[in-house]
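Chemist: First, the structure itself, so that you have it in front of you.
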Amino acid sequence: MSASSSLHLRRTATELAVEVSDLSPQLPQPRLAAQDEESGRGLVLVDTLADSWGVRPEEQGKTIWFAVRL
Numbered sequence: 011m012s013a014s015s016s017l018h019l020r021r022t023a024t025e026l027a028v029e030v031s032d033l034s035p036q037l038p039q040p041r042l043a044a045q046d047e048e049s050g051r052g053l054v055l056v057d058t059l060a061d062s063w064g065v066r067p068e069e070q071g072k073t074i075w076f077a078v079r080l
């Protein structure tokens, strides 16, 4: 991760929550990536594996979060 992004993990007895923040104001859009593309798969994976997820615009940038039940 670069200095302009951060990762926060929070675990309870029943859930693991992950937050990734960066300074880019561009909100991510789920999309199917072409086989030769190196980006575009993250939100598809999160949507498939997580129990819940979302994007939170911030004053500077955004935070993408997801939660998985343990």
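Position 26 of the sequence shown, counting from 1, maps to 36 under the working numbering, and the rest follow consecutively.
Note that the Cβ used here is the ideal one computed from N, Cα and C, for glycine as well.
What residue from Ser34, Arg79, Ala43 has the CA that sits closest to Val54's CA?
Modeler: Ala43
Chemist: Consult DSSP for Thr22 and reduce its assignment to one of helix, strand or coil.
Modeler: coil
Chemist: For the alpha helix (DSSP H) that Gly52 lies in, which residues bound it at each end?
Modeler: Here the alpha helix (DSSP H) through Gly52 covers 52-59.
Chemist: Count the other C-beta atoms from every protein chain shown that fall within 10 angstroms of the C-beta of Ser14, then say buried if there are 16 or more, exposed otherwise.
Modeler: exposed
Chemist: So which of Ser34, Leu19, Ala77, Glu48 has the shortest CA-CA distance to Glu68?
Modeler: Ser34
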